[in-house]
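Asks: Have a look at this one before I ask anything.
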Amino acid sequence: MGRAGILANSTMVCAPLMARSVEQMVIDMQSAEAQGADAVEVRLDYINSFQPSQDLETIIRNKPLPVIIVYRPRWEGGQYEGDEHTRLEALRLAHELGADYIDVELKVASDLVREVKNKHQTGGKVIVSSYLSGATPSKEDLSHLVASMQATKADIIKVVSNANDITELDRIFHLLSHSEVPAVAYSLGERGLISQLLCPKFGGALVYGAMEGNSIPGLPTLDSLREAYKVENINSDTKVFGLVSKPVSHSKGPILHNPAFRHANFNGIYVPMFVDDLKEFFEVYASPDFAGYSVGFPYKEAVVQFCDEVHPLAKSIGAVNTIIRKPSDGKLIGYNTDCEGSIASIEDALKDQRYINGASLNSPLAGKQFVVVGAGGAGRAIAVGAKSRGARVIIFDIDLDRAKSLAQVVSGEAQHFDSLAHFQPEKGAILANATPIGMHPSTDRIPVAEATLGNYQLVFDAVYTPRKTRLLEDADAAGAITVSGVEMFLKQAIGQFSLFTGREAPKDFMREIVLAKF
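Take the sequence shown: its letters are residues 10 to 527, numbered as in the working numbering.
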């Protein structure tokens, strides 16, 4: 017999289960508990040849966790296409047999909620849900919807939307923080991910997490909720930081920054933010709660115009990878930690040439030919850093005008990306890839002719997923020193941590995480 339980006011982690058989559903409930779920949502509409009396008794008798019974019809986005009376009878039976929760659609809720509460005093609760099609409604329209849901006397209300833009989630957060009854609200898809991750901050009753091996778009995994994000520690005072990028699924920032915050006893959370429109994003998320951002591809240059102030180094580079919101006046201040992060990684790899008898000489990059592939935000940071160390910089980009613009800044040379296939570098040159070429999932590409790799003393790849890219493997085979983008990622993240928190970064701790997790 599974333990009885009712969802507490604090946010609970719930695993949605969509097994095709009752036997598998019971196994999945056990697995969900082992993976850290506090509750499970059982989707009856996914079970083949579902037999209400027999199957519900089996599920409820064997539940190891509080169970939410859902029997979603096709007209509300589910799988059930049968008789409506039969469906509602199954939900009544689930409540009678002792389900902790039954989930009922708003369209049919009024009579059913009143009936089960009057007829069966089992202690089970009722969730009244609404699945919205199209863009997330306005705050005013959501308020009207919530009022109609609360009027059903629901114990919990649940609103699910399909966000077309991350800015729509602000309305979801508003709903959660203003609901008069416990509420569950989130958006589906990659743009909706933070509606799950930030749910505890805004008072949501449930955050959903997918089980291992059962990836669901827009849902974090149970493991990430418990290990990376530790949602049980998030509260209304938690400061929000995140990666502003498109796409964001490749980011490993959360598994580095979140443990580092906790190590330093700093109440913050770092989340991936899939952003389509920078202007609208910064206009909507303007509260002090959203305290800072990392900036990724393709926005490092474009984001400069949305900063109220830009640090001199970032201004000279023309790219920002870190933004801090000043607590005093809310102004956004742009910084660049990529520059030192990349150049220091390269110099460290050449350290045998940097020191003689313990004395630091000029940079080992001084006078060297330094080939930068990509003139975007990362490329600009690397090129400016290389120039500051006395290197002779050559920039290749698919946009020749962009390459020429950067070449002017670093007194270098610009060439079109297509000519890179025939380019012969000087012996002992440095190569830095600052494009997404070789990034997961397109891991079999390299930006240069393989035959030229033997001319380079060192090859650096800003891509860090995978850690050992095809470019680095080929360069290593050709005898070059190789530097992974993981090194740059770590060093720029250490700089970001200090900007985010105002504290010294736990460098050794952060390096341990990178070595273990990346």
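The beta-carbon is built from N, C-alpha and C at its ideal position, and this holds for glycine as well.
(1) For Gly367, does the three-state DSSP call read helix, strand or coil?
(2) Taking the alpha carbon of Leu404 as the point to measure from, which residue in Ala423, Ala387 and Ser19 has its own alpha carbon closest?
(3) Cutting at 8 Å between CB atoms, please list the residues of its own chain near Leu374, excluding the five before and the five after it.
(4) Let's see if you can read the secondary structure: which residues bound the alpha helix (DSSP H) around Lys324?
(5) Does the ligand ATP have a heavy atom nearer than 6 Å to the CB of Met158?
(6) Under 8 Å by Cβ, that's how I've got Cys348 and Ala390 pegged, so tell me the actual separation to the nearest angstrom.
(7) Leaving aside the five residues before and after Asp246 along the sequence, list all residues of the same chain whose C-beta is less than 7 Å from its C-beta, in chain order.
(8) Please return the same chain residues whose Cβ sits closer than 6 Å to the Cβ of Asn173, not counting the five positions on each side in sequence.
(9) How big is the Cα-Cα spacing for Val253 and Asn171?
(10) Would the beta-carbon of Lys148 fall within 7 Å of that of Arg200?
(11) Measure the alpha-carbon distance for Ala486 versus Arg479 and round it to whole angstroms.
(12) In or out: Gly343 buried (at least 16 other Cβ within 10 Å) or exposed?
(13) Quick one: Cα of Ser260 to Cα of Thr452, how far?
(14) What is the rounded straight-line gap between the Cα of Lys335 and the Cα of Pro229?
(15) Does the structure place the region 208 to 227 close enough to the region 321 to 332 that three or more beta carbon pairs sit under 8 Å?
(16) For Ser428, tell me which candidate among Ala219, Ala458 and Pro25 has the shortest Cα-Cα distance.
(17) Threshold first: 3 residues or longer. Then list the beta strand (DSSP E) segments lying entirely within the region 130 to 209, N to C.
(18) Out of curiosity, what's the CA-to-CA distance linking Asp285 and Ala192?
(19) Which whole-angstrom value describes the C-beta separation of Gly504 and Ala471, a residue pair presumed to lie in contact below a C-beta threshold of 8 Å?
(20) Could you say which of Arg271, Phe250, Val31 and Pro75 lies nearest to Pro515 if we only look at CA atoms?
(21) Does the CB of Glu221 have a neighbour CB from chain C at under 7 Å?
(22) Enumerate in chain order the residues of its own chain whose CB-to-CB distance from Arg512 is below 8 Å, with the five nearest sequence positions on each side excluded.
(23) If distances are taken between C-alpha atoms only, which option among Ile77, Leu26, Gly132 and Ile333 comes closest to Ala295?
(24) Taking 7 Å as the threshold (C-beta atoms), are Leu231 and Gln39 in contact?
(25) In chain order, what are the residue ranges of uninterrupted beta strand (DSSP E) at least 3 long that sit wholly in the region 206 to 292?
(26) Using the three-state DSSP reduction, which class does Asn57 fall into: helix, strand or coil?
(27) For the structure I just gave you, are there three or more beta carbon pairs, one from the region 24 to 36 and one from the region 50 to 58, closer than 8 Å?
(28) Which same chain residues, not among the five before or five after Leu409, have their C-beta less than 7 Å away from its C-beta?
(29) By the DSSP assignment, the alpha helix (DSSP H) with Ala99 in it spans what residues?
(30) With a floor of 4 residues, list each alpha helix (DSSP H) that falls wholly inside the region 329 to 414, ordered by position along the chain.
(31) Note down the Cα distance separating Glu521 from Lys500, rounded to an integer number of angstroms.
(32) Ignore the nearest five residues each way along the sequence and tell me which others in Phe469's own chain have a CB closer than 6 Å to its CB.
(33) Suppose contacts are defined by Cβ-Cβ distances below 7 Å. Is Gly198 in contact with Phe250 by that definition?
Replies: So, from the listed chains and residues:
(1) Because Gly367 sits at a pLDDT of 37, beneath the cut-off of 50, its placement in the model cannot be relied upon, and the following sentence gives the value as read from the coordinates. In the structure shown, Gly367 sits in coil (DSSP, three-state: anything other than H, G, I, E or B).
(2) The identity of residue 404 in the sequence shown is Ile, whereas the question assumes Leu. Nearest option by C-alpha distance: Ala423.
(3) Ile352, Ile355, Glu356, Leu359, Ala395, Arg398, Gly399, Ala400 and Ile439
(4) Pro321 to Ile326
(5) This structure does not include the ligand ATP; it has no bound ligands of any sort.
(6) 4 Å
(7) Asn276
(8) Ala144
(9) 20 Å
(10) no
(11) 11 Å
(12) buried
(13) 16 Å
(14) 30 Å
(15) no
(16) Ala458
(17) 134 to 140, 165 to 170 and 192 to 196
(18) 28 Å
(19) The pair is not a contact, with the Cβ atoms about 15 Å apart (cut-off 8 Å).
(20) Arg271
(21) No chain C appears in the structure shown, which is made up of a single protein chain.
(22) Ala273, Phe275 and Phe506
(23) Ile333
(24) no
(25) 215 to 217, 248 to 254 and 277 to 283
(26) coil
(27) yes
(28) Ala423 and His425
(29) Glu93 to Leu106
(30) 347 to 358, 360 to 363 and 386 to 397
(31) 13 Å
(32) Ile355, Ala441 and Val492
(33) no
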